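Report on one structure; see the data block that follows.
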Amino acid sequence: MNEGQMKPDAASPHNPEALPDVDRVIELSSKDDGHCTECRDCPIGFDGVINHYLKEHGYVLLNVRTVTEAGYNSETDHVAIALLGHPRK
Ligand SMILES: [Zn+2]
1 MNEGQMKPDA
11 ASPHNPEALP
21 DVDRVIELSS
31 KDDGHCTECR
41 DCPIGFDGVI
51 NHYLKEHGYV
61 LLNVRTVTEA
71 GYNSETDHVA
81 IALLGHPRK
């Protein structure tokens, strides 16, 4: 609780503790082409669909992580997973 450290913003994707309760959570994978389940709009790509959910549907970004999974030829694939939440009204 030291002052002078990170100043807490209002609810923002970078400040999860300030986020409101969410009534639903979705996971987006960088392996997917990216399409919106809410309006069937199809933003292209991982960052495109994330931005679409944030801007058009009011979601907040809760977490981004990477996972590894077995890919072709026993190589390891790195996959980014974004966790988005829809704030409770
Ligand atoms: Zn949409």
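Residue numbering for the sequence shown follows this note's numbering, starting at 1 and increasing by one per position. A virtual CB, placed ideally from N, CA and C, is assigned to each residue, including glycine. The structure presented is a predicted model; accordingly, all values stated were derived computationally and were not measured.
beta-carbon residue i near ligand 1 non-hydrogen atom, thresh 7 Å
i: Glu-90; result: Lying before the first or after the last residue shown, residue 90 is absent from the chain, which here runs from 1 to 89.
i: Asp-41; result: yes
i: His-52; result: yes
i: Glu-38; result: yes
Residue i classed as buried or exposed, judged by whether at least 16 other C-beta atoms fall within 10 angstroms
i: Ile-44; result: exposed
i: Ser-74; result: exposed
i: Gly-71; result: exposed
i: Ser-29; result: exposed
i: Val-49; result: buried
Cβ-based neighbour list, residue i, same chain, cut-off 7 Å, excluding 5 preceding and 5 following
i: Asp-23; result: His-86, Arg-88
i: Asn-2; result: No answer about Asn-2 holds up, because its pLDDT of 48 lies below 50 and its placement is not dependable.
Neighbourhood of residue i by C-beta distance below 8 Å, restricted to the same chain and skipping five residues each side
i: Gly-58; result: His-86, Pro-87
i: Leu-54; result: Pro-13, Val-60, Leu-61, Leu-84
i: Thr-37; result: Ile-26
Contact set for residue i: own chain, Cβ-Cβ below 6 Å, skip 5 residues either direction
i: Asp-77; result: Glu-69, Gly-71
Check whether residue i and residue j have beta carbons under 8 Å apart
i: Thr-66; j: Ala-80; result: yes
Minimum Cβ-Cβ distance from residue i to chain C less than 8 Å
i: His-57; result: Of the protein chains in the structure, only one exists, and it is not chain C.
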